[in-house]
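Protein chains: 2
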Amino acid sequence: MNIDSFIETLALGVARERILSSDAARAPYECDGLTMFRVRPKLVVLPETTKEVSHVLKTCKAAGVPVVARGAGTGLSGGATPHADGVLLVMAKFNRIVAVDPLARTARVEPGVRNLAISEAVAPLGLYYAPDPSSQIACSIGGNIAENSGGVHCLKYGLTVHNVLAVTVALDDGEVVTFGSDAPDSPGLDLLALIIGSEGLLAIVLEVTVRLLPKPEETKVVMASFDDIEKAGAAVSAIIARGIIPAGLEMMDKPALAAVEDFVKAGYPLDAEALLLCEVDGSVDEVADELAKVEQVLRDGGATELRIARDDAERLLFWKGRKSAFPAVGRISPDYYCMDGTIPRKHLAKVLKRMAEMSTEYGLRCANVFHAGDGNLHPLILFDANVPGELERAEAFGAAILELSVEVGGTITGEHGVGLEKIDQMCAQFSSAELAQFHALKAAFDETGILNPGKAVPTLNRCAEFGHLHVHHGELPHPELERF
Amino acid sequence: MNIDSFIETLALGVARERILSSDAARAPYECDGLTMFRVRPKLVVLPETTKEVSHVLKTCKAAGVPVVARGAGTGLSGGATPHADGVLLVMAKFNRIVAVDPLARTARVEPGVRNLAISEAVAPLGLYYAPDPSSQIACSIGGNIAENSGGVHCLKYGLTVHNVLAVTVALDDGEVVTFGSDAPDSPGLDLLALIIGSEGLLAIVLEVTVRLLPKPEETKVVMASFDDIEKAGAAVSAIIARGIIPAGLEMMDKPALAAVEDFVKAGYPLDAEALLLCEVDGSVDEVADELAKVEQVLRDGGATELRIARDDAERLLFWKGRKSAFPAVGRISPDYYCMDGTIPRKHLAKVLKRMAEMSTEYGLRCANVFHAGDGNLHPLILFDANVPGELERAEAFGAAILELSVEVGGTITGEHGVGLEKIDQMCAQFSSAELAQFHALKAAFDETGILNPGKAVPTLNRCAEFGHLHVHHGELPHPELERF
Numbered sequence: 017m018n019i020d021s022f023i024e025t026l027a028l029g030v031a032r033e034r035i036l037s038s039d040a041a042r043a044p045y046e047c048d049g050l051t052m053f054r055v056r057p058k059l060v061v062l063p064e065t066t067k068e069v070s071h072v073l074k075t076c077k078a079a080g081v082p083v084v085a086r087g088a089g090t091g092l093s094g095g096a097t098p099h100a101d102g103v104l105l106v107m108a109k110f111n112r113i114v115a116v117d118p119l120a121r122t123a124r125v126e127p128g129v130r131n132l133a134i135s136e137a138v139a140p141l142g143l144y145y146a147p148d149p150s151s152q153i154a155c156s157i158g159g160n161i162a163e164n165s166g167g168v169h170c171l172k173y174g175l176t177v178h179n180v181l182a183v184t185v186a187l188d189d190g191e192v193v194t195f196g197s198d199a200p201d202s203p204g205l206d207l208l209a210l211i212i213g214s215e216g217l218l219a220i221v222l223e224v225t226v227r228l229l230p231k232p233e234e235t236k237v238v239m240a241s242f243d244d245i246e247k248a249g250a251a252v253s254a255i256i257a258r259g260i261i262p263a264g265l266e267m268m269d270k271p272a273l274a275a276v277e278d279f280v281k282a283g284y285p286l287d288a289e290a291l292l293l294c295e296v297d298g299s300v301d302e303v304a305d306e307l308a309k310v311e312q313v314l315r316d317g318g319a320t321e322l323r324i325a326r327d328d329a330e331r332l333l334f335w336k337g338r339k340s341a342f343p344a345v346g347r348i349s350p351d352y353y354c355m356d357g358t359i360p361r362k363h364l365a366k367v368l369k370r371m372a373e374m375s376t377e378y379g380l381r382c383a384n385v386f387h388a389g390d391g392n393l394h395p396l397i398l399f400d401a402n403v404p405g406e407l408e409r410a411e412a413f414g415a416a417i418l419e420l421s422v423e424v425g426g427t428i429t430g431e432h433g434v435g436l437e438k439i440d441q442m443c444a445q446f447s448s449a450e451l452a453q454f455h456a457l458k459a460a461f462d463e464t465g466i467l468n469p470g471k472a473v474p475t476l477n478r479c480a481e482f483g484h485l486h487v488h489h490g491e492l493p494h495p496e497l498e499r500f
Numbered sequence: 017m018n019i020d021s022f023i024e025t026l027a028l029g030v031a032r033e034r035i036l037s038s039d040a041a042r043a044p045y046e047c048d049g050l051t052m053f054r055v056r057p058k059l060v061v062l063p064e065t066t067k068e069v070s071h072v073l074k075t076c077k078a079a080g081v082p083v084v085a086r087g088a089g090t091g092l093s094g095g096a097t098p099h100a101d102g103v104l105l106v107m108a109k110f111n112r113i114v115a116v117d118p119l120a121r122t123a124r125v126e127p128g129v130r131n132l133a134i135s136e137a138v139a140p141l142g143l144y145y146a147p148d149p150s151s152q153i154a155c156s157i158g159g160n161i162a163e164n165s166g167g168v169h170c171l172k173y174g175l176t177v178h179n180v181l182a183v184t185v186a187l188d189d190g191e192v193v194t195f196g197s198d199a200p201d202s203p204g205l206d207l208l209a210l211i212i213g214s215e216g217l218l219a220i221v222l223e224v225t226v227r228l229l230p231k232p233e234e235t236k237v238v239m240a241s242f243d244d245i246e247k248a249g250a251a252v253s254a255i256i257a258r259g260i261i262p263a264g265l266e267m268m269d270k271p272a273l274a275a276v277e278d279f280v281k282a283g284y285p286l287d288a289e290a291l292l293l294c295e296v297d298g299s300v301d302e303v304a305d306e307l308a309k310v311e312q313v314l315r316d317g318g319a320t321e322l323r324i325a326r327d328d329a330e331r332l333l334f335w336k337g338r339k340s341a342f343p344a345v346g347r348i349s350p351d352y353y354c355m356d357g358t359i360p361r362k363h364l365a366k367v368l369k370r371m372a373e374m375s376t377e378y379g380l381r382c383a384n385v386f387h388a389g390d391g392n393l394h395p396l397i398l399f400d401a402n403v404p405g406e407l408e409r410a411e412a413f414g415a416a417i418l419e420l421s422v423e424v425g426g427t428i429t430g431e432h433g434v435g436l437e438k439i440d441q442m443c444a445q446f447s448s449a450e451l452a453q454f455h456a457l458k459a460a461f462d463e464t465g466i467l468n469p470g471k472a473v474p475t476l477n478r479c480a481e482f483g484h485l486h487v488h489h490g491e492l493p494h495p496e497l498e499r500f
């Protein structure tokens, strides 16, 4: 395909100034939040209307050109890493809040709207949007849909998939369809849930209806210090076992605390081996009751110090520390690698202990920050890419953590997605029959494979090379599905 | 295909005595809970093991024989209506609770386990399984998965899809795969959510991991009488608007109350135009606080009488009335037709008023029983099939209710599924592009269309005949997808 004639065709349906082809214009789009992968896209297109998106898709499908959608570019698994021969579809101009219905408690928004902007817009109505990734100031709701994003409050209020009622999407051929509805359930196959977390492989999101929640009457957070990380892990299980689902239940270990406190001055104790932040919300009575129970469980679990945020300002400061953990660690190490394994909560203590041993084995520091209540770990492996061998050791350490997660019955990703980063680990997570089913599904949406090729679901060939696939008599199962 | 040689082949992998071919043996399986559709299946097979299920599927796929799975046969939309030329796969022998993990709060069960049997088995651990369809004494968890079943407690605790962590299924070719995991989110496409509510079109469920919840410390129910059904509808919206998510929020109108009270003696007031049952659960303090708020909202909304169940026995009696509404109505009318439309909650009052008008227009009584908090209506249209024209009027009245539901932004089914019953209304609910996408998905799982053919998703041809499809230049869109 001739690039000039391709641009001509695109320009029949999209304003020419929003098709970026110069090196300078394309450079800022080389990577998303996973900066170790960098690819300059052939073209960057910034559509403004549904019609323009449909036109781009039709044109790309006809020419067999890959299309990668990008929201705010904050993703951590390379889901929006561009394709060198493809179009990067930047959805930033889809940034309108279309409608808010305070009675039905829903908002219809375009995919480029920032996560936090929704809660800000509906705050005067006493409402908010619950899923709150740490990047919520910047990340877009379209990206949240692609990754099924979580956040500190997802333990009680669910992931993106539990808080979205409907999506309107463009299919690979530009056709526009809507899945889900304002009603609690929708007839037909559940394509809404399928779209959420599909990492740009199935369709391009054009509009999203989210569920809003009433702001709780009262919110309190308690901070508990522990002199032993396994005790902190056990206390997490004990809180849940007591029948309490806190609004947030987060944990940080000593290296993470040191980095954060130096950066944010959140008032964290520097002598603790581990810190738990536990938030409870609800009516005034409910919060008082739950808080008393949580304090009791934490004391019984061996907490050395308990502090309840004295007011909302201090509460937000406690959370600011947690939410700033990634940049804080970035200040104390030239490089870091953030993992996202999720494990059954009951194995928390065991896995924490094993990770500490691995840290010694691989000779790399590791700061732990995680959604403890969910069992979603975010170990940050610290390394210096300029020291020969450290990057390789960091990658090996990371892979070992993910494989440990699968081994104890967990998964390789909690909320950051597979993207490019964890595609090999998918071979450890799934059987070839399961991967073949993913490919069949993908083909049902995008038979020619133009949408975000090479991401999220590995080909069976790739798994065979990675060494995890069972190959029978030298033949791959389902070779006809090796399309992507 | 010769039936005897087909049975021979089946018997290579399934004990002969569990392949039923005689008229007498097949007769009890002619219908599910939607008794107006009756079809005698060619064969009934009762497998006992995964290997047997795989063998049946492989054999049927090779011979092009349809397979319809059946749980307890309580479904209300004909999802398990047999196929005259097919095998009815009765999963009743898959009835073991395989494992309970009280710490992770999960249970692994086979699909034939009854919904209520799960809660009974884990009651000694202080746990229960939340989704509670009215048929929970009889219905199976496999059927709950097929229909994404709800129940009176789903307003607060979610539908089946929110309470299932993983499913192991057999695909059309007998291959066994697992979707989901014990972790809160799972990488890869969300095939777990896709399977749930897929009405037997995609796979046969072999094992289910469900989430268990701790039994609340306290549960209270308040019964509120209204002299006007629109006031009751408005009170439902007002409770939710007050920031309360009750554990259950159910409504019955006067005809339903009369039928139920006569049958169950639940102590319902017979002079009320509408009754609300509102349950709150949680800690003792939380319940006291929420109950006070609910009472206030109900009083402000014009409730003429409020009664709080004085003990657990009375509370269960209040609910027994609600859960017995269908059989109660069966006692006062030779026939009834139960609808399952779902509407945005804010339109409750308006839709109730319109349904009362329709009742006059069609000359048929209608008793209303519904999950008011969810906006999920269960109008029971009373008729006598022996009176010429009444069945047709009942069907027309029902269709009009469903179309009204779609018109106000709702859907044609809340929890009973589409099955055979509402397949034409799917043409009103979805565009041809959306239906084509459902067909593509179906083909990705079951290319030859042997699993539950003719259910849930109408062919585009059928929609064209039904008069709802936009046909362009006399040609159907996507004729290549007209497979099922």
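In the order they appear, the protein sequences are chains Z and G. Going by our numbering, the letters in the first sequence line up with residues 17 to 500, in that order. Going by our numbering, the letters in the second sequence line up with residues 17 to 500, in that order. By construction, the Cβ of each residue, glycine as well, lies at the ideal position given by its N, Cα and C atoms.
With C-beta atoms as the reference, is Pro395 of chain G less than 9 Å away from Ile428 of chain G? no
Rounded C-beta distance between Ala254 of chain G and Gly317 of chain G? I'm assuming under 8 Å. 5 Å
Closest Cα partner of Lys366 of chain Z within the set Z:Lys247, Z:Leu171 and Z:Gly337: Z:Lys247
DSSP three-state assignment for Met442 of chain G, whether helix, strand or coil: helix
Using 8 Å as the cut-off, can you tell me whether the region 156-170 of chain Z makes contact with the region 80-99 of chain Z, which would need three or more C-beta pairs spanning the two stretches below that distance? yes
Distance, Cα to Cα, Gly166 of chain G vs Asp351 of chain G? 24 Å
According to DSSP, Glu437 of chain Z sits in a beta bridge with which residue or residues? Per DSSP, none; premise fails for Glu437 of chain Z.
Note down, in chain order, every chain Z residue with its Cβ under 7 Å from the Cβ of Thr358 of chain G. Within 7 Å Cβ-Cβ: Ala199, Pro200 and Asp201.
Does the distance from the C-beta atom of Val106 of chain G to that of Leu50 of chain G stay below 9 Å? no
Rounded C-alpha distance that separates Glu411 of chain Z from Asp356 of chain Z: 13 Å
Apart from the five residues on each side of it in sequence, which residues of its chain come closer than 6 Å, Cβ to Cβ, to Phe454 of chain Z? Val473
If you measure beta-carbon to beta-carbon, which residues of the region 132-164 of chain G are closer than 7 Å to chain Z? Asn164
Please state the DSSP three-state secondary structure of Lys236 of chain G. strand
Can you pull out the residues from the region 387-399 of chain Z whose beta carbon lies closer than 8 Å to at least one beta carbon of chain G? Asp390, Gly391 and Asn392
Residues bridged to Tyr106 of chain Z [DSSP beta-bridge criterion]: Here the sequence assigns Val to residue 106 of chain Z, which means Tyr is not the residue at that position. Z:Arg86.
For a quick check, are the C-beta atoms of Ser197 of chain Z and Gly426 of chain G less than 9 Å apart? yes
Determine which residues share a DSSP beta bridge with Thr225 of chain Z and list them. DSSP, once it has assigned bridges, lists Z:Arg124 and Z:Ala182 as partnering Thr225 of chain Z.
If you measure from the beta carbon of Glu498 of chain G to each beta carbon in chain Z, is any gap under 9 Å? With a pLDDT of only 34 at Glu498 of chain G, under 50, the local geometry of the prediction cannot be trusted, and no value is derived from it.
Proximal residues to Glu496 of chain Z (C-beta, below 7 Å), its chain only, five neighbours per side dropped: Reliability fails at Glu496 of chain Z, whose pLDDT of 37 lies under 50, so the model's placement of it is uncertain and the value that follows must be treated cautiously. Around Glu496 of chain Z: no qualifying Cβ.
Just verifying my parser: in three-state terms, what is the DSSP assignment at His486 of chain Z? Note that His486 of chain Z scores 34 on pLDDT, short of 50, meaning its location in the model is unreliable and no value can be drawn from it.
So, helix, strand or coil for Arg323 of chain Z, using DSSP? strand
For Arg331 of chain G, which of helix, strand or coil comes out of DSSP? helix
Less than 9 Å separating the beta-carbons of Glu215 of chain Z and Gly433 of chain Z? yes
Identify each residue in the region 255-269 of chain Z for which the Cβ-Cβ distance to at least one residue of chain G is less than 7 Å, and report them in chain order. Within the region 255-269 of chain Z, Ala257 and Gly259 place their CB atoms closer than 7 Å to a CB of chain G, listed in sequence order.
Between the region 73-104 of chain Z and chain G, which residues of the former have a C-beta closer than 8 Å to a C-beta of the latter? none
Short check: CB of Val129 of chain G to CB of Ile113 of chain G, under 9 Å? yes
Using the rule of at least 16 other Cβ atoms within 10 Å of the residue's Cβ for burial, across every protein chain shown, is Gly405 of chain G buried or exposed? exposed
Limits of the unbroken alpha helix (DSSP H) element including Leu73 of chain Z: Thr66 to Ala79
Please report the distance separating the alpha-carbon of Leu436 of chain Z from that of His99 of chain Z. Note on geometry: alpha-carbon atoms of Leu436 of chain Z and His99 of chain Z lie some 11 Å from one another.
Give every residue of the same chain whose Cβ lies closer than 6 Å to the Cβ of Thr184 of chain G, excluding the five residues on either side of it in the sequence, and list them in chain order. Excluding sequence neighbours, Thr184 of chain G sits near Thr194, Leu222 and Glu223.
Answer yes or no: does any C-beta atom of chain Z fall closer than 9 Å to that of His489 of chain G? With a pLDDT of 38 at His489 of chain G, under the threshold of 50, the modelled position of that residue is not reliable, and no figure is offered here.
What does the alpha-carbon distance come out to for the pair Arg42 of chain G and Ile439 of chain G? Approximately 26 Å between the Cα atoms of the pair.
Closer than 7 Å by C-beta to Ile261 of chain G: which residues in its own chain qualify, once you throw out the five before and the five after it? Chain order, please. Taken in chain order, the residues that qualify are Leu171 and Lys172.
Answer yes or no: does any C-beta atom of chain Z fall closer than 9 Å to that of Glu437 of chain G? no
Thinking just about the alpha-carbon of each residue, which of Z:Glu481, Z:Phe53, Z:Lys58 and Z:Leu119 is nearest to the one in Thr97 of chain Z? Residue Z:Phe53 is the option with its Cα nearest to Thr97 of chain Z.
Can you give me the Cβ contacts of Arg331 of chain G inside the same chain, cut-off strictly under 6 Å, excluding the 5 residues immediately before and after it? Val237 and Ala325
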